[in-house]
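Note sheet for the following structure.
2 protein chains.
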Amino acid sequence: MTTASPVPTAPAPPVGVVGLGQLGGSLAAALVAAGRAVAGWDVDPAAREAAAARGVRITRELAGVVVLAVPLPAMAGALDGLDVAPDATVTDVGSVKAPVLAELAPVLGGRYVGGHPMCGTERSGHAATDPGLFTGARWAVCLEPDTALPRWLRVAEVALDAGAEVVPATAAEHDEAVAAVSHVPHLLAAALAAAAGEAGPLALALAAGSFRDGTRVIGSDPAFVTAMVQGNAGPTAAALERVQAQLARPWPELVAAGHAVRAAAPAGRRTVHVPLDRAALLALGRAGGAVTRRLAAFLEGWVPEG
Amino acid sequence: MTTASPVPTAPAPPVGVVGLGQLGGSLAAALVAAGRAVAGWDVDPAAREAAAARGVRITRELAGVVVLAVPLPAMAGALDGLDVAPDATVTDVGSVKAPVLAELAPVLGGRYVGGHPMCGTERSGHAATDPGLFTGARWAVCLEPDTALPRWLRVAEVALDAGAEVVPATAAEHDEAVAAVSHVPHLLAAALAAAAGEAGPLALALAAGSFRDGTRVIGSDPAFVTAMVQGNAGPTAAALERVQAQLARPWPELVAAGHAVRAAAPAGRRTVHVPLDRAALLALGRAGGAVTRRLAAFLEGWVPEG
Numbered sequence: 036m037t038t039a040s041p042v043p044t045a046p047a048p049p050v051g052v053v054g055l056g057q058l059g060g061s062l063a064a065a066l067v068a069a070g071r072a073v074a075g076w077d078v079d080p081a082a083r084e085a086a087a088a089r090g091v092r093i094t095r096e097l098a099g100v101v102v103l104a105v106p107l108p109a110m111a112g113a114l115d116g117l118d119v120a121p122d123a124t125v126t127d128v129g130s131v132k133a134p135v136l137a138e139l140a141p142v143l144g145g146r147y148v149g150g151h152p153m154c155g156t157e158r159s160g161h162a163a164t165d166p167g168l169f170t171g172a173r174w175a176v177c178l179e180p181d182t183a184l185p186r187w188l189r190v191a192e193v194a195l196d197a198g199a200e201v202v203p204a205t206a207a208e209h210d211e212a213v214a215a216v217s218h219v220p221h222l223l224a225a226a227l228a229a230a231a232g233e234a235g236p237l238a239l240a241l242a243a244g245s246f247r248d249g250t251r252v253i254g255s256d257p258a259f260v261t262a263m264v265q266g267n268a269g270p271t272a273a274a275l276e277r278v279q280a281q282l283a284r285p286w287p288e289l290v291a292a293g294h295a296v297r298a299a300a301p302a303g304r305r306t307v308h309v310p311l312d313r314a315a316l317l318a319l320g321r322a323g324g325a326v327t328r329r330l331a332a333f334l335e336g337w338v339p340e341g
Numbered sequence: 036m037t038t039a040s041p042v043p044t045a046p047a048p049p050v051g052v053v054g055l056g057q058l059g060g061s062l063a064a065a066l067v068a069a070g071r072a073v074a075g076w077d078v079d080p081a082a083r084e085a086a087a088a089r090g091v092r093i094t095r096e097l098a099g100v101v102v103l104a105v106p107l108p109a110m111a112g113a114l115d116g117l118d119v120a121p122d123a124t125v126t127d128v129g130s131v132k133a134p135v136l137a138e139l140a141p142v143l144g145g146r147y148v149g150g151h152p153m154c155g156t157e158r159s160g161h162a163a164t165d166p167g168l169f170t171g172a173r174w175a176v177c178l179e180p181d182t183a184l185p186r187w188l189r190v191a192e193v194a195l196d197a198g199a200e201v202v203p204a205t206a207a208e209h210d211e212a213v214a215a216v217s218h219v220p221h222l223l224a225a226a227l228a229a230a231a232g233e234a235g236p237l238a239l240a241l242a243a244g245s246f247r248d249g250t251r252v253i254g255s256d257p258a259f260v261t262a263m264v265q266g267n268a269g270p271t272a273a274a275l276e277r278v279q280a281q282l283a284r285p286w287p288e289l290v291a292a293g294h295a296v297r298a299a300a301p302a303g304r305r306t307v308h309v310p311l312d313r314a315a316l317l318a319l320g321r322a323g324g325a326v327t328r329r330l331a332a333f334l335e336g337w338v339p340e341g
């Protein structure tokens, strides 16, 4: 397999982006820049105009890979009023995956493949669009037992074309992982800020870097954060319990353990070739690896060394 | 009092800095740039050489205001082997104040005035020296019932000359405030990192901005962090309990409360004139205000508006 040389992927289908705010607008712009044909729609005329100015064809008729880039509470109704090709693959960029799968699978069946790019900022809306938002980011693309691998690959190609690295995972694995590294950090930031508020003006006047960094993410829209943590309530509660257990350790142990994780040198990367095979892809994700491109006969990616 | 015009302070005494690492080296460099006469000492010849190159006179004979910029465990022995003028005012830059006061007051009596600049990074050592480190930072300068106000003023002038704003507080008030905004954030960062480490490679591979920001401070030297939280164990444990109580709230409430503190627009500042009076200065600090300069007959500072 090492003799295989890179070849273009099969003709890339068009991409339709529903919701042209920070994530959707950035994705549409990144895909236009990568040469993909991109159509899109947003309920907000200003977001449509901004996307049109970046080369997105504004239409309610979507085909190929349709990306739902709307807030979690709007996900179930995101396709209402749109004309989506019957064979289109539908994905999303929501921050939880099992609940969206549960909502969309009964309607879309195997045409739905969940996704979640690990990026975004505390800003939102089409004015926060940045075509470079996904460059080098990890993008989870979900593989369930009944996911059709060709559809999974179409979604992975969208993420790769946007500049991201694709992490294969089941929806359940994804939700447990992001509870630990994203949803619990939002709750800790909220608790830290709220408790400091109770401590009073002198404390807030003395707040500096550690408080600023430790509370940054709770600057995000509270409705978005609440939908995210409540949408992933089970895994988030379990991850929060693991944090509480850590906080109960003697402080020198706790500090040493936390420092060891944070200060670990980034693992080297070993390039791997992965067949388009569910078990092999999920094993890659569980090892902390990611897919970086599609070659002729396989996918190329990496896993941490050592 | 509003007719008083700015005048130079009384002839500024020399400053002696003990420990020329990140904080001490940066302070010495900032004071040299501000035109103060700065002497200094460090047990490490490389730190002495680096400071000498920035205009610091290297000597064991120190007078005027002597600043102890050594790690907390080294504070009690910091003056060993040095020749300090008998009337020198001694201050420090340690991150807890009541324990240092308890150690140094029996030896130094009213000559000790505690201090704590709210800056520094996860880096350390003389190679991390930055004369701009204190610009705009808050610097707590402690006022105990027996603090001689002229000595407090000498220390405050050092902080002001380094570019900082001076927050008056008692050692106990300071320790409670920094427990909430600095020491607890270090423990939360440690617990978040350690729990994510338990969650495994997939979780760490999906970690992005919220994890990076939420764990940054635990990249600091674990010995430094441990000494800090253990040196302020009572207030830190109490502040951690307040965070735990916040974490027990329903998540929508928690998120809203945290967001409100984080997103509060910075209060406007009202300029105030403060007499050199213990009660007035402590009231300024408790209101979230700070001293910004010394004028002829009073100090000038600000308090939050509204």
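These protein sequence lines map, in sequence, to chains A and B. When you line the first sequence up against my numbering, it's residues 36 to 341, in that order. When you line the second sequence up against my numbering, it's residues 36 to 341, in that order. In this text, a Cβ means the ideal position worked out from N, Cα and C, and glycines have one as well.
Where residue i falls, given that 16 or more other Cβ within 10 Å makes a residue buried
{"i": "arginine 95 of chain A", "result": "exposed"}
{"i": "glycine 60 of chain A", "result": "buried"}
{"i": "valine 142 of chain B", "result": "exposed"}
{"i": "alanine 415 of chain A", "result": "The question about residue 415 of chain A has no answer, for chain A in this structure spans 36 to 341."}
{"i": "glutamate 208 of chain A", "result": "buried"}
{"i": "threonine 126 of chain A", "result": "buried"}
{"i": "glycine 320 of chain B", "result": "buried"}
{"i": "glutamine 279 of chain A", "result": "exposed"}
{"i": "aspartate 118 of chain B", "result": "exposed"}
{"i": "glycine 75 of chain B", "result": "buried"}
{"i": "valine 52 of chain A", "result": "buried"}
{"i": "threonine 306 of chain B", "result": "exposed"}
Beta carbon proximity, residue i to chain A, threshold 8 Å
{"i": "leucine 316 of chain B", "result": "no"}
{"i": "methionine 153 of chain B", "result": "yes"}
{"i": "alanine 212 of chain B", "result": "yes"}
{"i": "proline 339 of chain B", "result": "yes"}
{"i": "serine 159 of chain B", "result": "no"}
{"i": "valine 252 of chain B", "result": "yes"}
Three-way DSSP call (helix, strand, coil) for residue i in this model
{"i": "arginine 329 of chain B", "result": "strand"}
{"i": "alanine 98 of chain A", "result": "coil"}
{"i": "proline 257 of chain A", "result": "helix"}
{"i": "arginine 11 of chain B", "result": "Because residue 11 of chain B is not part of the residues shown, which for chain B are 36 to 341, the question remains open."}
{"i": "alanine 74 of chain A", "result": "strand"}
{"i": "threonine 306 of chain B", "result": "strand"}
{"i": "leucine 334 of chain A", "result": "strand"}
{"i": "proline 185 of chain B", "result": "helix"}
{"i": "leucine 62 of chain A", "result": "helix"}
{"i": "threonine 124 of chain A", "result": "strand"}
{"i": "leucine 316 of chain B", "result": "helix"}
{"i": "valine 131 of chain B", "result": "coil"}
{"i": "alanine 345 of chain B", "result": "This structure gives no information on residue 345 of chain B, because the portion of chain B shown stretches from 36 to 341."}
{"i": "valine 105 of chain B", "result": "coil"}
{"i": "glutamate 276 of chain B", "result": "helix"}
{"i": "aspartate 210 of chain B", "result": "helix"}
{"i": "valine 91 of chain B", "result": "coil"}
{"i": "glycine 51 of chain B", "result": "strand"}
CB contact check: residue i to chain B, cutoff 8 Å
{"i": "proline 41 of chain A", "result": "Note on proline 41 of chain A: pLDDT 38, under 50, position unreliable in the model; no value is reported."}
{"i": "tryptophan 286 of chain A", "result": "yes"}
{"i": "glutamate 335 of chain A", "result": "no"}
{"i": "glutamine 281 of chain A", "result": "yes"}
{"i": "phenylalanine 169 of chain A", "result": "no"}
{"i": "histidine 308 of chain A", "result": "no"}
{"i": "serine 130 of chain A", "result": "no"}
{"i": "alanine 61 of chain A", "result": "Inspection of the sequence shows that residue 61 of chain A is occupied by serine rather than by alanine. No - not a single Cβ of chain B is within 8 Å of the one on serine 61 of chain A."}
{"i": "alanine 234 of chain A", "result": "yes"}
{"i": "glutamate 179 of chain A", "result": "no"}
{"i": "alanine 191 of chain A", "result": "no"}
{"i": "alanine 292 of chain A", "result": "yes"}
Contact set for residue i: own chain, Cβ-Cβ below 6 Å, skip 5 residues either direction
{"i": "alanine 214 of chain B", "result": "Asn267, Pro270, Thr271 and Ala274"}
{"i": "serine 217 of chain A", "result": "none"}
Contacting residues, own chain, Cβ-Cβ under 8 Å from residue i (five flanking each side not counted)
{"i": "glutamate 211 of chain A", "result": "Pro270, Ala273 and Ala274"}
{"i": "proline 220 of chain A", "result": "Val252"}
Same chain only: Cβ atoms within 7 Å of residue i, ignoring 5 sequence neighbours per side
{"i": "proline 134 of chain A", "result": "Gly266"}
{"i": "aspartate 256 of chain B", "result": "Ser159"}
Inset, instruction - Could you tell me whether the stretch 286-301 of chain B touches the stretch 317-334 of chain A, using the rule of 3 or more Cβ pairs below 8 Å? - result: no
Legend entry - Given 8 Å, three or more beta-carbon pairs between the stretch 231-239 of chain B and the stretch 202-217 of chain B: Result no; under three Cβ-Cβ pairs closer than 8 Å.
Inset, instruction - Inspect the CB distances between the stretch 141-149 of chain A and the stretch 183-194 of chain A and report whether three or more fall short of 8 Å. - result: yes
Legend entry - the stretch 160-171 of chain B contacting the stretch 298-310 of chain B, beta-carbon criterion three pairs below 8 Å: no
Legend entry - Cβ contact (3+ pairs, closer than 8 Å) linking the stretch 82-91 of chain A and the stretch 99-119 of chain A: no
Legend entry - Inter-stretch contact (C-beta, 8 Å, three-pair minimum) for the stretch 241-254 of chain B and the stretch 305-314 of chain A: Because the criterion of three Cβ pairs below 8 Å is not met, the stretch 241-254 of chain B and the stretch 305-314 of chain A do not touch.
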